[in-house]
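Enquirer: The numbers in this note's numbering rise by one with no breaks, and the one at position 329 of the sequence shown is 331. Mind looking over this structure? Questions follow.
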Amino acid sequence: MALFLLLPKPAKGQPDDWQLEWDWMVSAGYHHISGANQYSDLEDESAQVDALLDLQWQYRRWLGLFALKGNRLVAWNDDQGGDAEAEWVIRELFWQESVSVFDLPLDLTFGKVRLDWGVGYGYRPLDVIKPYRRNPVGIAVEEGAGVAAVSYFDGLGEWSWLYSDSSWNSQSGSPLEEASEQRGVGGRHYRLEGDSEYQFIAYYDDVRHGLLGLGFTTVAGMAWSFHGSALYQRHYQRYQQPVMAGGGVTLGEGRDALQSLIGATWTASNGHQVIAEYWYDGRAWSHSEWARAGAALANMGRGKGDIRMSFAHGFEAVNLRQHNLLLHWQLDPNGGYGGIWPESLTPKIDLLYTPEDSGHVVTGWLDYTVKDTGSMRLGVELAVRWFGGPADSAYRMLPERQQLFLNIKGRL
């Protein structure tokens with residue numbers, strides 16, 4: 003959908019009214035750390051309780067989304083240390099107005115805005131202004147970027163031009179994330195033709211020095227839809243492996259990266275939905291680079307702690323492997339299983355598989371709606387994530403082997 007179709011607008015008939023919506027979440031998380039990897043002999047487990055309070059505020063042409071996050075309110079065997087802390091985050095805060103310039107209707111937006119341009123479930127290459135985590139199992143607070151945008155709607159879609167600054171962050175990120183923060187200008191065209199949507203993006207910033215992207219979604223009949231996207235960028239930040247033996251991994255620059263995704267969605271009348279996706283990320287370490295990293299670590303033994311741990315930076319990438327396959331299934335409890343499946347219980351399962359090394363991540367959610375009146379909602383969610391594969395696979399080498407979360411969520 004076009005940017006301004008996604009942004010909430012003041013309610014008709016009461017443009018001057020204040021509007022407030024509250025969402026809250028309490029998350030109890032358990033983490034199992036395995037010592038069976040190249041980076042540590044530690045076998046450990048920890049647990050902690052976090053909380054989140056979201057406030058959406060709207061007044062006339064202003065809209066804000068604010069978060070108050072409580073970290074480590076209760077902690078058990080937490081190696082991160084530190085006491086409980088509170089964190090205030092401005093997720094979005096922007097002003098929007100419609101104007102006419104020489105009889106040309108334009109929409110203006112200024113402020114901190116989240117721009118979701120990507121298409122896809124597991125990965126979205128076209129989220130070029132700022133990438134966002136997909137399908138987290140615990141509390142994740144995502145922030146927008148500083149944006150000044152002008153949009154024009156014609157009969158078939160939208161033309162938009164913008165300046166953005168992705169460094170408008172309240173939260174600190176990894177060294178790779180901070181090095182990738184950009185400031186740039188560009189344009190996007192969104193077009194709707196029948197049952198298909200298309201978008202084209204051109205953008206230039208001080209980190210990637212130019213990128214081009216395109217994407218589509220199309221509906222084929224009552225049950226099927228297809229989506230895809232591709233992105234080329236001239237430069238990008240990545241961790242470089244050492245040229246000489248015995249050296250460590252350093253943050254550097256790569257060139258000429260391609261990212262692409264293709265997927266299909268099948269939705270049955272009885273509530274079943276299946277999404278299958280394949281994506282490629284040329285910024286990730288190649289199969290040979292992962293093999294060299296494994297060989298270098300094996301030759302080091304357990305010495306050279308700092309150099310050894312520098313190789314763990316490879317796990318900070320958005321995608322650990324270049325080639326990825328994902329299968330998602332979920333059941334809509336209102337899809338025709340009355341009397342057989344509880345209407346308040348929604349199951350979901352994700353399977354992420356990396357064919358280059360046979361690594362995998364399995365995630366399951368079970369969402370139970372306690373009460374939903376439209377204006378008020380209370381729900382309980384159980385989420386589990388496992389990392390596995392052969393001993394030399396990227397996901398098996400992650401320190402964490404298992405994550406378990408109990409989330410209680412509500413809206414007032």
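We treat Cβ as the ideally placed atom computed from N, Cα and C, and that holds for glycine.
Assuming contact is defined by CB atoms lying nearer than 8 Å, are Tyr200 and Leu213 in contact in what I supplied?
Expert: Counting from one through the sequence shown, the residue named residue 200 turns up at place 198. Counting from one through the sequence shown, the residue named residue 213 turns up at place 211. Going by C-beta atoms, Tyr200 is not nearer than 8 Å to Leu213.
Enquirer: Consult DSSP for Trp1 and reduce its assignment to one of helix, strand or coil.
Expert: No answer is possible for residue 1: it lies beyond the span of the chain, which begins at 3 and ends at 414.
Enquirer: Per DSSP, His315 is paired with what?
Expert: One-based indexing of the sequence shown puts residue 315 at position 313. None, per the DSSP bridge assignment.
Enquirer: Let's test the definition: count the other Cβ atoms within 10 Å of the Cβ of Met246 and tell me whether it reaches 16, buried, or not, exposed.
Expert: For this step, residue 246 is matched to residue 244 along the sequence shown. With fewer than 16 Cβ atoms within 10 Å of its Cβ, Met246 is classed as exposed.
Enquirer: I'd like the span of the alpha helix (DSSP H) that includes Ala181, first residue to last.
Expert: Residue mapping note: residue 181 aligns to position 179 of the sequence shown, counting from 1. 177-181 is the span of the alpha helix (DSSP H), which, as asked, contains Ala181.
Enquirer: Would you kindly work out how many angstroms separate the C-alpha atoms of Arg74 and Ala86, rounded to a whole number?
Expert: Residue 74 sits at position 72 when you count from the first residue of the sequence shown. Residue 86 sits at position 84 when you count from the first residue of the sequence shown. Whole-angstrom Cα-Cα distance: 5 Å.
Enquirer: Which residues in the same chain have their Cβ closer than 6 Å to the Cβ of Leu7, if we skip the five residues on either side of it in sequence?
Expert: For the purposes of this step, residue 7 is identified with residue 5 of the sequence shown, where counting begins at 1. Residue placement at Leu7 is poorly supported in this model, since its pLDDT is 36, which falls under 50; the coordinates still yield a value, given next. Excluding positions up to five away in sequence, the list is empty.
Enquirer: To the nearest whole angstrom, what separates the beta carbons of Ile203 and Gly188, a pair I think is in contact under 8 Å?
Expert: Translated into positions along the sequence shown, residue 203 becomes position 201. Translated into positions along the sequence shown, residue 188 becomes position 186. Yes, they are in contact, since the Cβ atoms of Ile203 and Gly188 sit about 7 Å apart, within 8 Å.
Enquirer: Look at the Cβ atom of Arg294, then the Cβ atom of Ala319, and state whether they are nearer than 8 Å.
Expert: The sequence position of residue 294 within the sequence shown is 292, counting from 1. The sequence position of residue 319 within the sequence shown is 317, counting from 1. For Arg294 and Ala319, no; Cβs fall outside 8 Å.
Enquirer: To the nearest angstrom, how far is it from the Cα of Val276 to the Cα of Phe112?
Expert: Position 274 of the sequence shown holds residue 276. Position 110 of the sequence shown holds residue 112. For Val276 and Phe112, the distance between alpha carbons rounds to 38 Å.
Enquirer: I'd like the span of the beta strand (DSSP E) that includes Arg398, first residue to last.
Expert: Mapped onto the sequence shown, residue 398 falls at position 396. First-last for Arg398: 396-399, but that is the alpha helix (DSSP H), not the beta strand (DSSP E).
Enquirer: Taking Cβ to Cβ, would you say Ser182 is nearer than 8 Å to Val221?
Expert: Along the sequence shown, read from residue 1 onward, the residue named residue 182 stands at position 180. Along the sequence shown, read from residue 1 onward, the residue named residue 221 stands at position 219. No. Outside cutoff.
Enquirer: Can you name the start and end residues of the beta strand (DSSP E) that Asn409 belongs to?
Expert: As a first step, residue 409 is located in the sequence shown; it is residue number 407 there, counting from the start. Asn409 -> beta strand (DSSP E) spans 402-413.
Enquirer: Tell me, to the nearest whole angstrom, how far the beta carbon of Ser231 is from that of Leu263; I am working on the premise that it is less than 8 Å.
Expert: As a position in the sequence shown, residue 231 is number 229, starting the count at 1. As a position in the sequence shown, residue 263 is number 261, starting the count at 1. Going by Cβ atoms, the distance from Ser231 to Leu263 rounds to 5 Å, so yes, they are a contact pair.
Enquirer: Opposite Thr111 in the DSSP bridges: which residues?
Expert: Position 109 of the sequence shown, counted from the first residue, corresponds to residue 111. Note: Thr111 sits in a beta bridge opposite Gln98, Ala151.
Enquirer: Can you list, in chain order, the residues of its chain whose CB lies under 6 Å from that of Ser36, leaving out five sequence neighbours each side?
Expert: Position 34 of the sequence shown, counting from 1, holds the residue named residue 36. Cβ neighbours of Ser36 beyond the five flanking positions: Arg403.
Enquirer: Can the beta-carbon of Ala270 be found closer than 8 Å to that of Ala225?
Expert: Position 268 of the sequence shown, counted from the first residue, corresponds to residue 270. Position 223 of the sequence shown, counted from the first residue, corresponds to residue 225. Yes. Within cutoff.
Enquirer: Sort out for me which residues DSSP pairs Leu216 with in a bridge.
Expert: In the sequence shown, the residue the question calls residue 216 occupies position 214. According to DSSP, which records beta bridges pairwise, Leu216 is partnered with Phe202, Ala232.
Enquirer: Who are Gln21's beta bridge partners in DSSP?
Expert: Along the sequence shown, read from residue 1 onward, the residue named residue 21 stands at position 19. DSSP, once it has assigned bridges, lists Gln60 as partnering Gln21.
Enquirer: Can you give me the C-alpha to C-alpha distance between Gly196 and Leu158, rounded to a whole angstrom?
Expert: As a position in the sequence shown, residue 196 is number 194, starting the count at 1. As a position in the sequence shown, residue 158 is number 156, starting the count at 1. About 10 Å.
Enquirer: Which one of Glu358, Trp367, Asp258 has the shortest CA to CA distance from Gly391?
Expert: The residue given as residue 391 occupies position 389 in the sequence shown. With distances taken between Cα atoms, Gly391 lies closest to Glu358.
Enquirer: At which residues does the beta strand (DSSP E) containing Val276 begin and terminate?
Expert: What you label residue 276 is simply residue 274 of the sequence shown in a count that begins at 1. From DSSP, the beta strand (DSSP E) with Val276 extends over 274-283.
Enquirer: Is Met224 helix, strand or coil when you go by DSSP?
Expert: In the sequence shown, the residue the question calls residue 224 occupies position 222. Met224: coil per DSSP, three-state reduction.
Enquirer: Grouping DSSP H, G and I as helix and E and B as strand, with all else coil, what is Asp207?
Expert: In the sequence shown, residue 207 corresponds to position 205, counting from 1. Asp207 falls in the strand class under three-state DSSP.
Enquirer: Pick out whichever of Asp334, Leu408, Asp352, Asp258 has its Cα sitting closest to the Cα of Pro344.
Expert: Numbered from 1 along the sequence shown, position 342 holds the residue referred to as residue 344. Of the candidates Asp334, Leu408, Asp352, Asp258, the one whose C-alpha sits nearest the C-alpha of Pro344 is Asp334.
Enquirer: According to DSSP, simplified to helix, strand and coil, what is Arg136?
Expert: Within the sequence shown, the letter at position 134 stands for residue 136. DSSP places Arg136 in coil when its eight states are reduced to three.
Enquirer: Mapping DSSP to helix, strand and coil, what is Leu299?
Expert: Reading the sequence shown from its first residue, position 297 is the one you call residue 299. Correct three-state label for Leu299: helix.
Enquirer: Could you name the residues of the same chain whose beta carbon sits closer than 6 Å to that of Thr365, not counting the 5 residues immediately before and after it, in chain order?
Expert: Against the sequence shown, residue 365 aligns to sequence position 363. Around Thr365: Asp352, Arg387.
Enquirer: I need the DSSP call for Asp258, collapsed to helix, strand or coil.
Expert: Counted from its first residue, the sequence shown places residue 258 at position 256. DSSP places Asp258 in strand when its eight states are reduced to three.
Enquirer: Would Val152 pass as a contact of Trp163 if the rule is Cβ separation under 8 Å?
Expert: Within the sequence shown, the letter at position 150 stands for residue 152. Within the sequence shown, the letter at position 161 stands for residue 163. It is a contact, given that the beta carbons lie within the stated cut-off.
Enquirer: Straight-line CA distance for Asp167 to Glu179?
Expert: The sequence position of residue 167 within the sequence shown is 165, counting from 1. The sequence position of residue 179 within the sequence shown is 177, counting from 1. So the two alpha carbons sit approximately 14 Å from each other.
Enquirer: Start and end of the beta strand (DSSP E) containing Ser172?
Expert: On the sequence shown, residue 172 is found 170 positions in, with the first residue counted as 1. No beta strand (DSSP E) holds Ser172; DSSP gives it neither H nor E.
Enquirer: Once DSSP output is grouped into helix, strand and coil, what is the label at Arg193?
Expert: Along the sequence shown, one-based indexing puts residue 193 at 191. Residue state, collapsed to three classes: strand.
Enquirer: State the CB to CB distance for the pair Glu279 and Tyr123, rounded to an integer number of angstroms; the pair is presumed to be in contact (CB under 8 Å).
Expert: As a working mapping, residue 279 is identified with position 277 in the sequence shown. As a working mapping, residue 123 is identified with position 121 in the sequence shown. Between Tyr123 and Glu279 the Cβ distance is about 6 Å, and since that is below 8 Å, they are a contact.
Enquirer: Between which two residues does the beta strand (DSSP E) harbouring Val121 extend?
Expert: The count along the sequence shown starts at 1 and reaches residue 121 at position 119. Taken as a continuous stretch (DSSP letters only), Val121 belongs to no beta strand (DSSP E), as it is neither H nor E.
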